[in-house]
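If you're matching them up, the sequences are chains P and V in order.
FYI, the numbering for the first sequence is 3 to 109, going by the working numbering.
FYI, the numbering for the second sequence is 137 to 453, going by the working numbering.
The beta-carbon is built from N, C-alpha and C at its ideal position, and this holds for glycine as well.
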Amino acid sequence: MSDYEQSTIQGVLIDEHLRLTLIELGRACDADTQHLIDLVDEGILTPRGDDPSTVYFDGQALLRARKALRLQRDLELETAATALVLELLDELERLRELLRRSDHLAR
Amino acid sequence: MEFKDYYATLGVERSATQEEIKRSYRKLARKFHPDVSKEPDAEERFKAVAEAYKALGDPERRAAYDSVGSGHQGNQEFHPPPGWDSGFEFSGADAGFGGEQSEFFESLFGRHAGAGRRAQAPQHANGADHHAKVRISLADSYRGATRSITLQVPQADAAGHLTLQSRQLEVNIPKGIRDGQHLRLAGQGSPGTGRGMAGDLYLEIAFAPDPHFRVEGRDVYLDLPVAPWEAALGAAMAVATPDGSVELRVPPASSPGRKLRLKGKGLPGNPSGDLYAVLSIALPPADTDAAKAAYAELAKACGSFDPRHSMKEAPGV
Chain P
3 MSDYEQSTIQ GVLIDEHLRL TLIELGRACD ADTQHLIDLV DEGILTPRGD
53 DPSTVYFDGQ ALLRARKALR LQRDLELETA ATALVLELLD ELERLRELLR
103 RSDHLAR
Chain V
137 MEFKDYYATL GVERSATQEE IKRSYRKLAR KFHPDVSKEP DAEERFKAVA
187 EAYKALGDPE RRAAYDSVGS GHQGNQEFHP PPGWDSGFEF SGADAGFGGE
237 QSEFFESLFG RHAGAGRRAQ APQHANGADH HAKVRISLAD SYRGATRSIT
287 LQVPQADAAG HLTLQSRQLE VNIPKGIRDG QHLRLAGQGS PGTGRGMAGD
337 LYLEIAFAPD PHFRVEGRDV YLDLPVAPWE AALGAAMAVA TPDGSVELRV
387 PPASSPGRKL RLKGKGLPGN PSGDLYAVLS IALPPADTDA AKAAYAELAK
437 ACGSFDPRHS MKEAPGV
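Okay, here's the thing in structure tokens:
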């Protein structure tokens with residue numbers, strides 16, 4: 003630890019208003035576009051926009067894609083298994099939230 | 137530098153087969169992967185397991201580790217023999233949770249020895265993304281905030297030695313940010329090599345648990361205890377919100393669980409969320425003669441009130 007550098011930074015909020023093309027999404031995830039298309043085909047990622055020329059991904063898709071890629075790499079999962087894991091994790095999170103809520107009411 | 141016993145980390149014998157090492161890694165990875173596990177130290181545990189697997193999962197690297205590692209125990213002081221690694225070339229790109237290695241790993245296999253091995257180090261590679269979690273209070277989201285974040289970035293000095301440089305960033309936390317949202321700070325990750333671009337820094341926002349408020353999306357809930365007469369007769373009261381006090385009117389004949397909405401008083405945004413006060417009824421203790429008499433009066437006045445009315449209609453009771 004030595005140098006200190008001070009600067010103020012404005013981040014980009016990754017939300018539903020963020021729009022990324024397939025290429026940009028690939029860069030943000032450090033993944034090639036074919037890999038991302040596989041995730042779309044498996045239903046892990048849902049592109050938005052009406053016709054193919056204006057298709058885009060939002061911030062949720064970025065987080066989703068990164069999570070899917072981490073799970074695939076670290077747990078050595080195939081795409082279909084990754085989709086299942088993500089769905090089960092969503093369900094788990096929903097149940098945890100319900101539990102938190104009922105704990106809160108019971109207090 | 138401490139010697140790391142990768143066999144102990146994976147919980148396998150030194151004589152384990154590659155298949156056993158892989159099986160043990162997968163089992164531990166499923167248990168501690170930060171996307172799956174809610175254990176507070178999951179990320180640390182997973183990184184240790186991933187590093188051990190990176191070293192032992194590759195037979196060539198494992199042989200190298202065994203040759204320097206024989207006779208060492210975990211946590212012992214360790215110095216790699218000079219020039220021992222000539223003849224090995226490890227390189228590759230990696231990212232994500234398993235992407236950072238310990239000093240020990242890098243002294244054995246080189247700094248860029250990731251999971252994916254390539255014959256040659258890429259001339260132009262994008263820098264790795266970094267992740268950090270920032271804990272903020274609910275009030276920070278209501279008002280916006282600035283957070284100071286300290287990052288440790290490995291950097292080679294003039295002599296080629298790696299040192300950890302610490303870099304401090306002042307980050308603006310925008311008003312109305314929600315729990316679990318991410319901020320992307322472009323170019324604040326690891327620097328790229330050659331013409332590669334620097335990685336990004338992702339900040340995940342986590343709300344510190346609040347004793348009074350609960351957040352769902354943009355809406356904020358609070359439990360509001362009221363006295364029986366306030367619920368029955370109606371009352372006006374001052375209620376503390378994360379952004380100051382507001383005047384709230386409890387309508388007459390309110391029952392517990394009733395949600396009173398304060399429009400636009402949730403997390404700010406476009407549109408702003410709402411604040412809901414959820415009524416609960418607190419009973420005053422009957423600990424004085426006057427209070428006991430008042431309860432008795434109430435019983436007399438509400439003679440036909442039966443709180444177990446619905447239970448009598450239940451079948452089988």
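Can you tell me whether DSSP reads residue 341 (chain V) as helix, strand or coil?
-> strand
Quick one: residues in its chain with C-beta nearer than 7 Å to the C-beta of residue 77 (chain P), no 5 flanking neighbours on either side, listed in chain order?
-> none
The stretch 19-36 of chain P contacting the stretch 53-70 of chain P, beta-carbon criterion three pairs below 8 Å = Between the stretch 19-36 of chain P and the stretch 53-70 of chain P, the count of Cβ pairs shorter than 8 Å is three or higher; the stretches touch.
Which one of V:260, V:394, V:306 and V:367 has the shortest CA to CA distance from residue 331 (chain V)?
-> V:260
Mind checking who residue 168 (chain V) pairs with in its DSSP beta bridge?
-> Per DSSP, none; premise fails for residue 168 (chain V).
Mind listing the chain P neighbours of residue 307 (chain V)? Cutoff is C-beta to C-beta under 7 Å, in chain order.
-> Ordered by position in chain P, the residues that pass the 7 Å Cβ test against residue 307 (chain V) are 11 and 13.
Which residues in the same chain as residue 14 (chain P) place their Cβ atom closer than 8 Å to its Cβ, once the five residues preceding and following it in sequence are excluded?
-> 20
Min CB distance residue 16 (chain P) to chain V below 8 Å | yes
Does any residue of chain P bring its CB to less than 8 Å from the CB of residue 310 (chain V)?
-> yes
Beta-carbon of residue 91 (chain P) versus every beta-carbon of chain V: anything under 8 Å?
-> yes
Is the Cβ of residue 156 (chain V) closer than 8 Å to any Cβ of chain P?
-> no
So, using beta-carbon positions, are residue 175 (chain V) and residue 238 (chain V) closer together than 8 Å?
-> no
Would you mind reading off the limits of the beta strand (DSSP E) that contains residue 383 (chain V)?
-> 380-386
Please list the residues of the stretch 162-187 of chain V that have a C-beta atom closer than 9 Å to any C-beta atom in chain P, keeping them in chain order.
-> Using a CB distance below 9 Å, the part of the stretch 162-187 of chain V facing chain P consists of 162, 165, 166, 169, 170, 171, 172, 174, 182 and 186, ordered along the chain.
Residue 294 (chain V) to residue 267 (chain V), Cα distance in whole Å?
-> 28 Å
Would you verify that the beta carbon of residue 320 (chain V) is, or is not, closer than 8 Å to some beta carbon of chain P?
-> Residue 320 (chain V) counts as touching chain P.
On the three-state DSSP scale, how would you describe residue 198 (chain V)?
-> helix
Counting only beta-carbon atoms, is residue 25 (chain P) nearer than 8 Å to chain V?
-> no
Rounded distance between the beta-carbons of residue 362 (chain V) and residue 418 (chain V), thought under 8 Å = Rounded, the Cβ-Cβ distance is 7 Å, consistent with contact.
Under a CB-based cut-off of 8 Å, is residue 324 (chain V) close to chain P?
-> Yes, contact with chain P.
Considering only residues of the same chain and omitting the five flanking positions on each side of residue 395 (chain V), which have a CB-CB separation below 6 Å?
-> 412 and 414
What residue range is occupied by the uninterrupted alpha helix (DSSP H) comprising residue 277 (chain V)?
-> 274-279
What is the residue span of the beta strand (DSSP E) that residue 377 (chain V) lies within?
-> 371-377
Around the Cβ of residue 262 (chain V), are there at least 16 other Cβ atoms within 10 angstroms (buried) or fewer (exposed)?
-> Residue burial annotation: residue 262 (chain V) is buried, with at least 16 other C-beta atoms found within 10 angstroms of its C-beta.
Between the CA atoms of residue 403 (chain V) and residue 318 (chain V) - distance to the nearest angstrom | 16 Å
So, is the C-beta of residue 76 (chain P) closer than 8 Å to a C-beta in chain V?
-> Put simply, the CB of residue 76 (chain P) is near chain V, with a gap under 8 Å to one of its CB atoms.
Spatial neighbours of residue 103 (chain P) within its chain, please: CB distance less than 7 Å, with the 5 preceding and 5 following residues excluded, ordered by chain position.
-> none
With distances taken from CA atoms, which of V:276, V:304, V:345 and V:313 is nearest residue 337 (chain V)?
-> V:304
Beta-carbon separation (whole angstroms), residue 351 (chain V) vs residue 398 (chain V), contact threshold 8 Å = Actually they do not touch by this definition, with Cβ atoms about 14 Å apart.
Confirm, please, whether the CB-CB distance from residue 204 (chain V) to residue 145 (chain V) is below 8 Å.
-> no
In the DSSP assignment, what are the bridge partners of residue 318 (chain V)?
-> P:16 and V:340
Between the stretch 39-48 of chain P and the stretch 76-90 of chain P, do at least 3 Cβ pairs fall closer than 8 Å?
-> Short answer: they touch.
Kindly give me the distance between the Cβ atoms of residue 370 (chain V) and residue 392 (chain V), rounded to whole angstroms, as I take these residues to be in contact under 8 Å.
-> Between residue 392 (chain V) and residue 370 (chain V) the Cβ distance is about 15 Å, and since that is not below 8 Å, they are no contact.
Looking at the structure shown, is residue 260 (chain V) part of a helix, part of a strand, or coil, going by DSSP?
-> coil
Mapping DSSP to helix, strand and coil, what is residue 55 (chain P)?
-> helix
At least one CB of chain V closer than 8 Å to the CB of residue 105 (chain P): is that the case?
-> no
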